[in-house]
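Residue numbers (my numbering): 273 to 622.
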């Protein structure tokens, strides 16, 4: 199959640091190439792939000196290149989101879009205008919460992880709680520190602070770093993440928004580490309450139910991640979705 992968340009593929959708694009692209498919990746020039790379921006735009007001110009340039090359592909897989829809809706080549982010108020009307195009949700919760009556979701495909990057290391002592991800209000960093405090346990914070999250960090997180049981280690590599998961008793995810999927959930489970999360978005779908973690309706409930973590086995967590969230499983599901899209595209519209 000849497949075009249209990546977002904010980060390279794979991302140098934090970047959820770019990581998924990388794992899917490389697994497709491994299986013998002809894959072309439209991404930043500092991206890496075993397929063919079409350079659409000099580097990940978020880390570049290019002003944000000019970023959309690079999206348009990528779409122009893709339009010129569209006859070389059997299907185009859009990860760029709403910015690509007006152009892609006019392409001859079959197109499918994976929605990695919620349909926020500022962009939902764009999705509605092109709602008859074919879309993939990354969780059933995402589909349910993001206007299924107006957007044509043809299937759900869970995000995958590379299980080889995450493993159970029984030689590491599990001694702290962990928060891993963007340090921001949506991810519940402040609440994670509060949970650790109520349990009188040390917590390690790992992740990036985006520029627009700096006021939150300075007000709610930075003052707490003076406490002896709160440690901030910044952004970490995949290898460092694996070590942090393995040294954690539980990963805290007191999310304050409808999480579309949550790669941290599946990564933690792959390391045998239970997840404690609020009942938002896909959390109850990815983490099995009482079996691989605790899903609560409040901070107080998570604290009260912390003792249940000791009854959860590392192997149960690992088995769930392997069964549902591997890159191989994800690729299998996407190939089925691609076949469906191409079949649908042959059916005359009424």
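Cβ atoms here follow ideal geometry from the backbone N, Cα and C, with glycine treated the same way.
Burial state of residue i, where buried means 16 or more other Cβ atoms lie within 10 Å
i, result
"residue 352", "exposed"
"residue 377", "exposed"
"residue 415", "buried"
"residue 394", "exposed"
"residue 541", "buried"
"residue 552", "buried"
"residue 367", "buried"
"residue 523", "buried"
"residue 483", "exposed"
"residue 383", "buried"
"residue 392", "exposed"
"residue 365", "buried"
"residue 618", "exposed"
"residue 510", "exposed"
"residue 460", "buried"
"residue 342", "exposed"
"residue 344", "exposed"
"residue 339", "exposed"
"residue 486", "exposed"
"residue 287", "buried"
"residue 505", "exposed"
"residue 463", "buried"
"residue 453", "buried"
"residue 546", "buried"
"residue 411", "buried"
"residue 294", "buried"
"residue 503", "exposed"
Alpha-carbon spacing of residue i relative to residue j, whole angstroms
i, j, result
"residue 329", "residue 318", "9 Å"
"residue 321", "residue 285", "8 Å"
"residue 325", "residue 277", "10 Å"
"residue 356", "residue 346", "15 Å"
"residue 283", "residue 349", "16 Å"
"residue 544", "residue 537", "11 Å"
"residue 402", "residue 424", "9 Å"
"residue 421", "residue 399", "12 Å"
"residue 586", "residue 380", "49 Å"
"residue 490", "residue 497", "10 Å"
"residue 512", "residue 472", "25 Å"
"residue 315", "residue 305", "16 Å"
"residue 333", "residue 616", "35 Å"
"residue 500", "residue 590", "32 Å"
"residue 389", "residue 469", "31 Å"
"residue 493", "residue 396", "32 Å"
"residue 371", "residue 313", "17 Å"
"residue 474", "residue 578", "14 Å"
"residue 417", "residue 609", "21 Å"
"residue 603", "residue 301", "9 Å"
"residue 331", "residue 387", "23 Å"
Residue i vs residue j beta-carbon contact at 7 Å
i, j, result
"residue 478", "residue 528", "no"
"residue 532", "residue 550", "no"
"residue 535", "residue 292", "yes"
"residue 481", "residue 455", "yes"
"residue 363", "residue 614", "yes"
"residue 274", "residue 361", "yes"
"residue 554", "residue 567", "no"
"residue 612", "residue 465", "no"
"residue 557", "residue 335", "no"
"residue 438", "residue 539", "yes"
"residue 296", "residue 279", "no"
At least 3 beta-carbon pairs within less than 8 Å: the region 511-528 vs the region 447-454
Yes: at least three Cβ pairs fall under 8 Å.
Is the region 596-613 touching the region 426-438 in the sense that three or more CB pairs, one from each, lie closer than 8 Å?
Yes, the region 426-438 touches the region 596-613.
Report yes or no: do the region 573-592 and the region 392-408 share at least 3 C-beta pairs separated by less than 8 Å?
With the cut-off at 8 Å, the region 573-592 and the region 392-408 do not touch.
Using 8 Å as the cut-off, can you tell me whether the region 437-446 makes contact with the region 558-565, which would need three or more C-beta pairs spanning the two stretches below that distance?
Cβ pair count under 8 Å is below three, so no.
Give the list of continuous alpha helix (DSSP H) stretches no shorter than 4 residues that lie fully inside the region 323-405.
With a minimum length of 4 residues, the unbroken runs of alpha helix (DSSP H) contained wholly in the region 323-405 fall at 343-357, 373-376, 396-401.
Just to confirm the assignment: which complete alpha helix (DSSP H) runs, minimum length 4, are found wholly within the region 551-578?
Those alpha helix (DSSP H) runs which fall completely within the region 551-578 and span 4+ residues are 555-558, 571-576.
Segments assigned beta strand (DSSP E), at least 3 residues, entirely inside the region 500-554
Complete beta strand (DSSP E) runs here, min 3: 502-506, 520-525, 547-550.
Let me know the alpha helix (DSSP H) ranges lying completely inside the region 400-482, each 4 residues or longer, listed in chain order.
Runs of the alpha helix (DSSP H) inside the region 400-482: 412-417, 461-471.
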